[in-house]
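Colleague: Mind having a look at this structure? Questions to follow.
Protein chains in written order, with my numbering: chain V, 8 to 351; chain H, 8 to 351.
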């Protein structure tokens, strides 16, 4: 039986395939001229700084067979890392994949995982340049993404200034709502006896299973900023741990506060009613992988009127406290504690 | 109670410390100007190629409380990665650490793990530049090491040529013998009623718990090669998966064979008798993290007479087959199958 024929058996396990066979399979997802030695060699553009980020995703914590088929788990693992590159204003050069697998894991699961990773990487031409596989009791994926950025041009989170406009690159809450649907949780997104249509349900599930890392923003915003006049600072963070978390982290790092208008927060179309649950998911849901930017107000306004980008100003940077300023005049203070606490 | 006072409680668990507290602790092992944003920024020497390698180590597979205290587990995790950089002829720039931890893991264990990593990194001035922590059922450490090398100067494994001398940078088998001692396995390293002395036992255990990555060879050999005349090819691989594995991989990649003389294989001082067990550990034991080099014979001879390096010629590259040529004229064929098979 040929190697390819063996792999077509969907019941084949990792233990049956063996370590050498598994490595051969995984290498088929990598460029041949980069892998196969003790380490991978990459040739960056001369003079650029390196950007490095690592994320670990564990079965039952970040993904599960119930909510994320392997193709989606692979996509999400890559998206989480590329999102961090985007939040630094970097372009991607490659990723490494450290894979922990139980011996009874099916080879088919691994193939679909890698196909999902490859699908997420493809639009940006980013290769898988190396990795490692190891036996473990629980499936886990540790990805390190490598990127590059012009020296002194990285988008940091500690450079926001009072008066900056706060911009988001897209809607929030959709990923958490999609997870709720997959888990069969009660949804409170429509009023009265109305039901959430199937297409809206699909939209939310897609947002959970296939979030889009905003690397498309790196070049777009860079061109905008370079072309503009005056203050070209870009303060940025991704909203992987939630919108409120991103705003709080930027404010904490920059020593400033923020005032957010809940009425203008972009939400998925499926959110037809801003219930308490919906607002909670928008602020604390996490894993939408949008960018949160702080920019000089005129620059922010220009960017948000550029229709193709789909960005929205949601508030401004203030002297202190991170608050949600509601229409009735009350103010809700945002904090980090409601965000993800993976160990609690 | 201050943060430092809380950390001094050796019974404190990760769940009690919380994710933010854990991140604060781990950041204390990183340079302040590099970590704290979505990704780390590194400034390499202009014009160098990047070298990237990843290793995953899992509790019960690569380390355990029985054989490797957390300080040693951290050291070994780093050593495995730095060894891959050395095998490419690269110098190290930084590592990222993806940590999977059960909530009931003690903070003390994590502190000692990081102290072990820091101790292994210190001689080379390599910083921890980022990482991630995640809840999991099993402890695991996924490290990615980043290095740099002059373009076209990387030491590959596919460039060995017939007639090359095969050089090893140090002894093999010690790590496996140390593991045997820690596991209480029967040792067959001395003859008759002789006992292995305590100091020899300690030497072997040290080789298992604190293997030295051969980054010291990168500059040393580079200087030698640059200064020499004629053929300056360096073919290299580290022996992390065993000496036989390294030789077989080089031969497979280069399309050549090898003939090894067992009598000249350097072994730890504690190996007082070349039993079948001892030879097996020298060839297949693994995790000694020495370099296996193929060099033009005159260059190899020069290097091996340089006393400070401690290298030994163990054989030569031939047309085909990897064989151990024994004193009585018999030949033992080496193969990959006896090496590590993590999934079997």
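Glycine included, every Cβ here is placed at the ideal spot set by N, Cα and C.
Keeping to the same chain, check which residues put their C-beta closer than 7 Å to that of residue 342(V); ignore five residues upstream and five downstream.
Modeller: Counting from 1 along the first chain, the entry for residue 342(V) is found at position 335. Cβ neighbours of residue 342(V) beyond the five flanking positions: 255.
Colleague: Three-state secondary structure (DSSP) at residue 133(H)?
Modeller: Within the second chain, the letter at position 126 stands for residue 133(H). Coil, per DSSP.
Colleague: Please identify the residue among 50(V), 80(V), 94(V) whose C-alpha is closest to the C-alpha of residue 47(H).
Modeller: Start at 1 with the first residue of the second chain, and residue 47(H) comes out as number 40. When each option's Cα is compared against that of residue 47(H), the closest is 94(V).
Colleague: Check the Cβ of residue 51(V) against every Cβ in chain H and list those closer than 7 Å, keeping chain order.
Modeller: In the first chain, residue 51(V) corresponds to position 44, counting from 1. In chain order: 57.
Colleague: Taking C-alpha atoms, which residue in 191(H), 240(H), 186(H) lies nearest to residue 218(H)?
Modeller: As a position in the second chain, residue 218(H) is number 211, starting the count at 1. Of the listed residues, the one whose Cα sits closest to residue 218(H) is 186(H).
Colleague: On the DSSP letters alone, give me the boundaries of the alpha helix (DSSP H) that residue 11(V) sits inside.
Modeller: Position 4 of the first chain, counting from 1, holds the residue named residue 11(V). Here the alpha helix (DSSP H) through residue 11(V) covers 10–14.
Colleague: With a threshold of 9 Å between beta carbons, is residue 13(H) in contact with chain V?
Modeller: Reading the second chain from its first residue, position 6 is the one you call residue 13(H). Chain V, which has no Cβ nearer than 9 Å to the Cβ of residue 13(H), makes this no.
Colleague: Relative to chain H, which residues along the stretch 120–147 of chain V have a C-beta separation below 8 Å, given in chain order?
Modeller: 136, 137, 138, 139, 140, 141, 142, 143, 144, 145, 147
Colleague: I need the straight-line Cα distance from residue 183(V) to residue 293(V), nearest angstrom please.
Modeller: Position 176 of the first chain, counted from the start, is the residue given in the question as residue 183(V). Position 286 of the first chain, counted from the start, is the residue given in the question as residue 293(V). Between the C-alpha atoms of residue 183(V) and residue 293(V) there is a straight-line separation of about 7 Å.
Colleague: Which class does residue 348(V) belong to by DSSP, given the choice of helix, strand or coil?
Modeller: Locating residue 348(V) in the first chain gives position 341, counting from the first residue. Its pLDDT being 47, under 50, residue 348(V) is placed unreliably in this model, and the coordinates cannot settle the point.
Colleague: What's the gap between the Cα of residue 55(V) and the Cα of residue 37(H)?
Modeller: For the purposes of this step, residue 55(V) is identified with residue 48 of the first chain, where counting begins at 1. For the purposes of this step, residue 37(H) is identified with residue 30 of the second chain, where counting begins at 1. Roughly 22 Å separates the two Cα atoms.
Colleague: Where does residue 175(V) sit, in a helix, a strand or coil, going by DSSP?
Modeller: The residue given as residue 175(V) occupies position 168 in the first chain. Correct three-state label for residue 175(V): strand.
Colleague: Between the stretch 28–48 of chain V and chain H, which residues of the former have CB atoms less than 8 Å from a CB of the latter, in chain order?
Modeller: 29, 43, 44, 45, 46, 47, 48: these are the residues of the stretch 28–48 of chain V whose beta carbon lies less than 8 Å from some beta carbon of chain H, given in chain order.
Colleague: Short check: CB of residue 324(V) to CB of residue 136(V), under 9 Å?
Modeller: The residue you call residue 324(V) lines up with position 317 of the first chain. The residue you call residue 136(V) lines up with position 129 of the first chain. Cβ atoms of residue 324(V) and residue 136(V): not closer than 9 Å.
Colleague: Roughly how many whole angstroms lie between the Cα atoms of residue 133(V) and residue 50(V)?
Modeller: As a position in the first chain, residue 133(V) is number 126, starting the count at 1. As a position in the first chain, residue 50(V) is number 43, starting the count at 1. Cα-Cα distance, rounded: 13 Å.
Colleague: Tell me residue 152(H)'s beta-bridge partners as DSSP assigns them.
Modeller: Taking the first residue of the second chain as position 1, residue 152(H) is located at position 145. In DSSP, residue 152(H) forms a bridge with 60(H), 102(H).
Colleague: Interface residues of chain H around residue 63(V) at Cβ under 9 Å?
Modeller: Stepping through the first chain from its first residue, residue 63(V) is reached at position 56. The answer, in chain order, is 105, 106, 107, 138, 139, 140, 141, 143, 147, 149.
Colleague: Tell me which same chain residues have a C-beta within less than 6 Å of the C-beta of residue 149(V), skipping the five on either side of it?
Modeller: The residue you call residue 149(V) lines up with position 142 of the first chain. Once the five neighbours on either side are set aside, the close Cβ partners of residue 149(V) are 63, 105.
Colleague: What residue does the alpha helix (DSSP H) around residue 123(V) start on, and which one ends it?
Modeller: Within the first chain, numbered from 1, the residue matching residue 123(V) stands at position 116. From DSSP, the alpha helix (DSSP H) with residue 123(V) extends over 114–128.
Colleague: Note down the Cα distance separating residue 274(H) from residue 179(H), rounded to an integer number of angstroms.
Modeller: If you number the second chain from 1, residue 274(H) lands on position 267. If you number the second chain from 1, residue 179(H) lands on position 172. Going from the Cα of residue 274(H) to the Cα of residue 179(H) covers about 5 Å.
Colleague: Go through its chain and collect everything with a Cβ distance to residue 141(V)'s Cβ below 8 Å, but skip five positions before and after it.
Modeller: In the first chain, the residue the question calls residue 141(V) occupies position 134. Correct list, in chain order: 105, 106, 107, 108.
Colleague: Out of 216(V), 99(V), 297(V), 110(V), state which residue places its alpha-carbon closest to the alpha-carbon of residue 253(V).
Modeller: Position 246 of the first chain, counted from the start, is the residue given in the question as residue 253(V). Nearest of 216(V), 99(V), 297(V), 110(V) to residue 253(V), Cα basis: 297(V).
Colleague: Does the beta carbon of residue 348(H) sit closer than 9 Å to a beta carbon anywhere in chain V?
Modeller: Numbered from 1 along the second chain, position 341 holds the residue referred to as residue 348(H). Low local confidence applies: a pLDDT of 47 at residue 348(H) is under 50, so the model's placement there is unreliable, and no value is given.
Colleague: Would you tell me roughly how many angstroms separate the C-alpha atoms of residue 18(V) and residue 231(V), rounded to the nearest one?
Modeller: As a working note, residue 18(V) is residue 11 in the first chain. As a working note, residue 231(V) is residue 224 in the first chain. Answer to the nearest angstrom: the Cα atoms are 51 Å apart.
Colleague: Suppose you measure from the CA of residue 299(H) to the CA of residue 43(V); what does that come to, to the nearest Å?
Modeller: On the second chain, residue 299(H) is found 292 positions in, with the first residue counted as 1. On the first chain, residue 43(V) is found 36 positions in, with the first residue counted as 1. So the alpha carbons of these two residues sit roughly 16 Å apart.
Colleague: Is the separation between the beta-carbon of residue 60(H) and that of residue 91(H) shorter than 9 Å?
Modeller: To locate residue 60(H), count along the second chain from 1; it is residue 53. To locate residue 91(H), count along the second chain from 1; it is residue 84. Yes.
Colleague: Using beta-carbon positions only, say whether residue 201(H) and residue 279(H) come within less than 9 Å of one another.
Modeller: Along the second chain, read from residue 1 onward, the residue named residue 201(H) stands at position 194. Along the second chain, read from residue 1 onward, the residue named residue 279(H) stands at position 272. Cβ distance < 9 Å, so residue 201(H) and residue 279(H) count as in contact.
Colleague: Of all the alpha helix (DSSP H) runs that stay within the bounds of the stretch 205–280 of chain V, which reach a length of 4 or more residues?
Modeller: Segments of the alpha helix (DSSP H) lying fully in the stretch 205–280 of chain V: 205–216, 223–234, 250–261.
Colleague: Tell me which residue opens and which closes the beta strand (DSSP E) that residue 37(V) is part of.
Modeller: Looking up residue 37(V) in the first chain gives position 30. Note, residue 37(V): premise wrong, no beta strand (DSSP E); not H, not E.
Colleague: DSSP three-state call for residue 315(V): helix, strand or coil?
Modeller: Stepping through the first chain from its first residue, residue 315(V) is reached at position 308. Of the three classes helix, strand and coil, the one that applies to residue 315(V) here is coil, per DSSP.
Colleague: Can at least three beta-carbon pairs, one atom from the stretch 191–199 of chain H and one from the stretch 112–124 of chain H, be found at a separation below 8 Å?
Modeller: no
Colleague: If the cut is a Cβ gap below 9 Å, which residues of chain V does residue 164(H) touch?
Modeller: Locating residue 164(H) in the second chain gives position 157, counting from the first residue. In chain order: 43, 44, 45.
Colleague: Pick from 321(V), 82(V), 227(V), 331(V): whose alpha carbon is nearest that of residue 215(V)?
Modeller: Along the first chain, one-based indexing puts residue 215(V) at 208. It is 82(V) whose Cα lies nearest to the Cα of residue 215(V).
Colleague: Residue 46(H) by DSSP, collapsed to three states: which one?
Modeller: In the second chain, residue 46(H) corresponds to position 39, counting from 1. Coil at residue 46(H), not helix or strand.
Colleague: Taking DSSP's pairing of strands, which residues face residue 338(H) in a bridge?
Modeller: In the second chain, counting from the first residue as 1, residue 338(H) sits at position 331. DSSP, once it has assigned bridges, lists 332(H) as partnering residue 338(H).
Colleague: Please state whether DSSP places residue 19(V) in a helix, a strand or coil.
Modeller: If you number the first chain from 1, residue 19(V) lands on position 12. Residue state, collapsed to three classes: coil.
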